[in-house]
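Peer 1: Residue numbers (this note's numbering), protein chains in the order written: chain A, 443 to 454; chain B, 381 to 632.
Built from N, CA and C at the ideal position, the CB exists for glycine as well.
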Amino acid sequence: MQRNIDAFFKRL
Amino acid sequence: MLEARFGETLLLKKIVDALKEIISQSTLDCTETGMQLQSMDNSHVSLVALSLQTEGFEKYRCDRNVSLGLDLKSLAKVVKSASGDDAVTLTAADKADKLLLSFESDNKSRTADYELKLLNLDQDHLGIPETNYACIVQMPSSEFARICRDMSMFSESVVISCTKQGIKFSANGDMGSANIKLSDTSKGDITIDVDEPITQSFAGRYLNTFTRATPLSDRVKICLAPDVPLLVEYPIEDYGYIRYYLAPKVDE
Numbered sequence: 443m444q445r446n447i448d449a450f451f452k453r454l
Numbered sequence: 381m382l383e384a385r386f387g388e389t390l391l392l393k394k395i396v397d398a399l400k401e402i403i404s405q406s407t408l409d410c411t412e413t414g415m416q417l418q419s420m421d422n423s424h425v426s427l428v429a430l431s432l433q434t435e436g437f438e439k440y441r442c443d444r445n446v447s448l449g450l451d452l453k454s455l456a457k458v459v460k461s462a463s464g465d466d467a468v469t470l471t472a473a474d475k476a477d478k479l480l481l482s483f484e485s486d487n488k489s490r491t492a493d494y495e496l497k498l499l500n501l502d503q504d505h506l507g508i509p510e511t512n513y514a515c516i517v518q519m520p521s522s523e524f525a526r527i528c529r530d531m532s533m534f535s536e537s538v539v540i541s542c543t544k545q546g547i548k549f550s551a552n553g554d555m556g557s558a559n560i561k562l563s564d565t566s567k568g569d570i571t572i573d574v575d576e577p578i579t580q581s582f583a584g585r586y587l588n589t590f591t592r593a594t595p596l597s598d599r600v601k602i603c604l605a606p607d608v609p610l611l612v613e614y615p616i617e618d619y620g621y622i623r624y625y626l627a628p629k630v631d632e
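1) For chain A, find out if any of its Cβ atoms is closer than 8 Å to the Cβ of proline 577 of chain B; answer yes or no.
2) Distance check for isoleucine 447 of chain A and arginine 453 of chain A, CA to CA, integer angstroms please.
3) Does DSSP put threonine 511 of chain B in a helix, in a strand, or in coil?
4) Which residues in chain A sit within 7 Å of methionine 531 of chain B, going by Cβ to Cβ distance?
5) Kindly provide the ranges of any beta strand (DSSP E) runs that are 3 or more residues long and lie completely inside the region 432 to 510 of chain B, ordered along the chain.
6) Taking only the alpha-carbon atoms, compute the straight-line gap between glycine 556 of chain B and alanine 525 of chain B and give it to the nearest angstrom.
7) Quick one: grab the DSSP three-state call for phenylalanine 582 of chain B.
8) Within the 8 Å Cβ cut-off, does proline 628 of chain B reach chain A?
9) What in chain A is Cβ-close to glycine 507 of chain B, meaning under 9 Å?
10) Can you tell me which of the three DSSP states leucine 427 of chain A falls into?
11) If contacts are defined as beta-carbon pairs under 8 Å, then lysine 478 of chain B and leucine 499 of chain B qualify, I think. What distance do you get, rounded to the angstrom?
12) Taking just the CA atoms, how far does glycine 568 of chain B sit from phenylalanine 437 of chain B?
13) At what residues does the alpha helix (DSSP H) containing leucine 596 of chain B begin and finish?
14) Helix, strand or coil for serine 419 of chain B? Go by DSSP, reduced to three states.
15) Let me know if arginine 529 of chain B comes out buried or exposed under the rule of 16 or more other beta-carbons within 10 Å of its beta-carbon.
16) Cβ of threonine 389 of chain B within 8 Å of Cβ of alanine 462 of chain B?
17) Can you list, in chain order, the residues of its chain whose CB lies under 8 Å from that of leucine 587 of chain B, leaving out five sequence neighbours each side?
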């Protein structure tokens, strides 16, 4: 399953 | 006001080429220390970050922070019209709705000015934490491009395994399987630093897209750590970089 990149980095 | 002059359009061409396959629009943030850009691809699987410090420019002036919303396909068309050895100056007003690109040939006998409409992009910025990577591998960028190309013939997914013995790229598909191993070389063209071994799976299509940055640098750095995105970094001389982050795949 492909994970999303924004699951790893917090929004500023 | 922003005024930034590249001694050669070739550098700008290479940067645009490294970005345009992965993102279609993005905001270029200009400050007195240089230019930065950060964007996710449309599927939110990868993120690209560009940094250019002022040392990379023949001339650089930015009195106030300026954010330029760019359509990369349009920018690609404009830079394509210039010769690689032309100098190019980017100019934008403080609250600009357009970017001026002025190209000047070597002997100044030809000048070409383009105005590019800017976009009003509402872009999120993500905070990328400092990461202690378990494995850091450096290799010639051409070698990495070759491996990514060869792997993608076999499967959508590429498994990267890194141990003290070396780095292994594997793909397994309907046609068969492929395994490419590289070990640390005494020549120093491949260096492998491993704190702990790691195996992760990634979408080969994205890895392949990252290799569009190959003309920017002879070297590429690949960084892996458990449960964090892969980092593929192309340095731009000693004044910048383009970094690609790719989320790993996980077993269903």
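Peer 2: According to the data block:
1) It does not: the Cβ of proline 577 of chain B has no partner Cβ on chain A nearer than 8 Å.
2) 11 Å
3) coil
4) Simply none; closest approach about 16 Å.
5) If we require 3 residues or more, the beta strand (DSSP E) runs fully inside the region 432 to 510 of chain B come out as 439 to 442, 446 to 451, 467 to 472, 478 to 484 and 491 to 497.
6) 21 Å
7) strand
8) yes
9) Near glycine 507 of chain B (Cβ distances below 9 Å), the residues of chain A are Phe451, Lys452, Arg453 and Leu454.
10) Nothing about residue 427 of chain A can be reported from this structure: the residues present for chain A run from 443 to 454 only.
11) Between leucine 499 of chain B and lysine 478 of chain B the Cβ distance is about 11 Å, and since that is not below 8 Å, they are no contact.
12) 30 Å
13) Here leucine 596 of chain B belongs to no alpha helix (DSSP H), and DSSP marks it neither H nor E.
14) strand
15) exposed
16) It is a contact, given that the beta carbons lie within the stated cut-off.
17) Cys528, Met531, Ser532, Val538, Val612 and Leu626
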